[in-house]
Amino acid sequence: MFTLLEIAIFSLLALFILYLFMLSVLALFAKKSFHVEAKKRRRFACIVPAHNEELTIEKTLRAFFASDYPPRFFDVIVVADNCSDSTAEIARANGATVYERNDTLRRGKGHALQWCFERLAGAPKRYDAYVVVDADSVVSGKFLHVMNSYLERGFVSVQAADLVEPKPGAWSSEVARVALTLFNYVLPLGRKVIGCSAGLRGNGMCFSSETVRTVPWQAHSLTEDLEYGLLLLLRGIPTVFAPEATVLATMPVRPHNAESQRARWESGRAAMIRRYVPKLLNAVIRHPSLKLVDALIELLTPAFVNMMGIIIAATVVELLLPLAGIRGETVHVGLWVGLLAVCVLYILIGLAASGADALLFKATLYFPRYLFWKIRLYFKLLVNGVVKEWVRTTREGVQ
């Protein structure tokens, strides 16, 4: 028989996995594009926070200036944050306006963005909206056109599809491409079908300037994007997903270089759970809405690969019990195998909904290797403690 603990674990995992599965199915039926023309061209400040990004910043800026949005309607502003390399010089040489910030006490992307927003608010030049893109990323050609169209339709917080640049053969980067395709494209697409907030992903964000004035940027956590998205939602401002606009990020090829990034995400999310679950629960009780319930479920949902690892382990244990002389229950094995099958279907349906290429499907074969890598990462966090401050991800240059 299942113990109460086993029932609780299975029930929670089933709830989260079935919810993800439902969103992936909904994504199959989502409208992935619309007419991107608008009557008014808004003026954008395209903000690129950068800390020692001399290896990647030029590629990012070239993509912005190659956009077919009229140049007089956007400025690219690089926040050279505590830089000790030639990031600022390269940015200026490539046509960007550079704001240099030196504050070793308040470090990290969240502080840099707040500083930039405050500076822009007091500047003589006015902007209708702000775009935030990481300094290792490339925006699609119609990125600003798409953002302009969503603003025209009345949305004030917009999240583009934050995806990963393909690196065939590099298992760490390719697994991240699968994971972020599901998390940053498929799930927001499914949420869009039921009218829920996409949440913010940090890269490819757009806000009307009025939104930033109404809800000032005060997100300084390790996952500042997640935090600001929750702050907006709690103020009644959902984030809409714009799958027509993409931003391709460069992920580390070497697994060791990805450790600081994953550790920051894991530690930051744990802090957000402690801080915002009570606030979301209170908001759901006071003003019940599907948007708030969905945000609460998303915040509480563990990383998919972690849940899949637990399900695989439980299935193996149930299968091995008879070998240890302990009578196993066939129904228990069936339940765990069934849940594992739903996990596999979630991945396959999600990738189909995203229009994934054959290489992305092939990258799913790296999942076992990625799972063992994450177990090792968690062991390091257990030994060394969780990440408490922002640590830059090691760059590996561009090709």
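For the sequence shown, the working numbering assigns the number 485 to the initial residue and increments by one for each residue that follows.
Virtual Cβ for every residue (Gly too), placed ideally from N, Cα, C.
Residue i: buried (16+ other C-beta within 10 angstroms of its C-beta) or exposed?
i           : result
residue 693 : buried
residue 657 : buried
residue 859 : exposed
residue 883 : Here residue 883 scores only 41 on pLDDT, less than 50, and its place in the model is too uncertain to base an answer on.
residue 523 : exposed
residue 854 : buried
residue 762 : exposed
residue 771 : exposed
residue 864 : exposed
residue 637 : exposed
residue 830 : buried
residue 583 : buried
residue 697 : exposed
residue 513 : exposed
residue 651 : buried
residue 491 : exposed
residue 501 : buried
residue 709 : buried
residue 842 : exposed
residue 760 : buried
residue 862 : exposed
residue 635 : buried
residue 815 : exposed
residue 866 : exposed
When you compare the CB positions of residue i and residue j, do they come within less than 8 Å of one another, or not?
i           : j           : result
residue 533 : residue 596 : yes
residue 615 : residue 544 : no
residue 612 : residue 537 : no
residue 647 : residue 632 : no
residue 575 : residue 625 : no
residue 721 : residue 777 : no
residue 649 : residue 733 : yes
residue 752 : residue 705 : yes
residue 764 : residue 780 : yes
residue 507 : residue 665 : no
residue 600 : residue 678 : no
residue 723 : residue 630 : no
residue 594 : residue 703 : yes
residue 548 : residue 623 : yes
residue 836 : residue 735 : no
What whole-angstrom Cβ distance do residue i and residue j have, given they're in contact under 8 Å?
i           : j           : result
residue 562 : residue 541 : 7 Å
residue 818 : residue 511 : No, residue 818 and residue 511 are not in contact; Cβ-Cβ is about 28 Å, not under 8 Å.
residue 644 : residue 688 : 3 Å
residue 525 : residue 554 : 6 Å
residue 799 : residue 824 : 6 Å
residue 558 : residue 603 : Actually they do not touch by this definition, with Cβ atoms about 17 Å apart.
residue 699 : residue 716 : 6 Å
residue 479 : residue 560 : For the chain, the structure presents residues 485 to 883; residue 479 sits outside this window and is missing.
residue 504 : residue 788 : 7 Å
residue 566 : residue 546 : Wrong, their Cβ atoms sit about 24 Å apart, outside the cutoff.
Mind checking whether the beta-carbon of residue i lies closer than 7 Å to any heavy atom of the ligand COA?
i           : result
residue 611 : No copy of the ligand COA appears in this structure; indeed no ligand is present at all.
Taking the beta strand (DSSP E) that residue i belongs to, which residues open and close that run?
i           : result
residue 521 : Neither: residue 521 is in no beta strand (DSSP E) and is coded neither H nor E.
residue 646 : 641-648
residue 678 : Counting along the chain, residue 678 falls outside any beta strand (DSSP E), and DSSP gives it neither H nor E.
residue 567 : Neither: residue 567 is in no beta strand (DSSP E) and is coded neither H nor E.
residue 583 : 581-585
residue 732 : 724-733
residue 617 : Taken as a continuous stretch (DSSP letters only), residue 617 belongs to no beta strand (DSSP E), as it is neither H nor E.
residue 838 : Taken as a continuous stretch (DSSP letters only), residue 838 belongs to no beta strand (DSSP E), being part of the alpha helix (DSSP H) at 814-838.
residue 534 : 528-534
residue 691 : 689-692
I need the boundaries of the alpha helix (DSSP H) containing residue i, first residue and last residue.
i           : result
residue 705 : Residue 705 -> no alpha helix (DSSP H), and no H or E assigned at all.
residue 553 : Run containing residue 553: none; DSSP gives neither H nor E here.
residue 669 : Looking at the DSSP string, residue 669 is not in any alpha helix (DSSP H), and its letter there is neither H nor E.
residue 601 : 593-605
residue 634 : 627-636
residue 841 : Looking at the DSSP string, residue 841 is not in any alpha helix (DSSP H), and its letter there is neither H nor E.
residue 539 : Careful: residue 539 lies outside any alpha helix (DSSP H) and carries neither H nor E.
residue 901 : The shown model of the chain, from 485 to 883, leaves out residue 901, and the question about it has no answer.
residue 517 : Where residue 517 is concerned, there is no enclosing alpha helix (DSSP H), given that its DSSP letter is neither H nor E.
residue 797 : 788-804
Within 8 Å of any Cβ in chain B, is that where the Cβ of residue i sits?
i           : result
residue 724 : Of the chains in the structure shown, none is chain B; there is only one protein chain.
Cβ contact (3+ pairs, closer than 8 Å) linking the region 670-678 and the region 722-731: yes
Segment contact, 8 Å Cβ cut-off, at least three pairs: the region 841-850 with the region 682-700: no
Cβ pair count under 8 Å reaching 3, the region 493-506 against the region 780-798: yes
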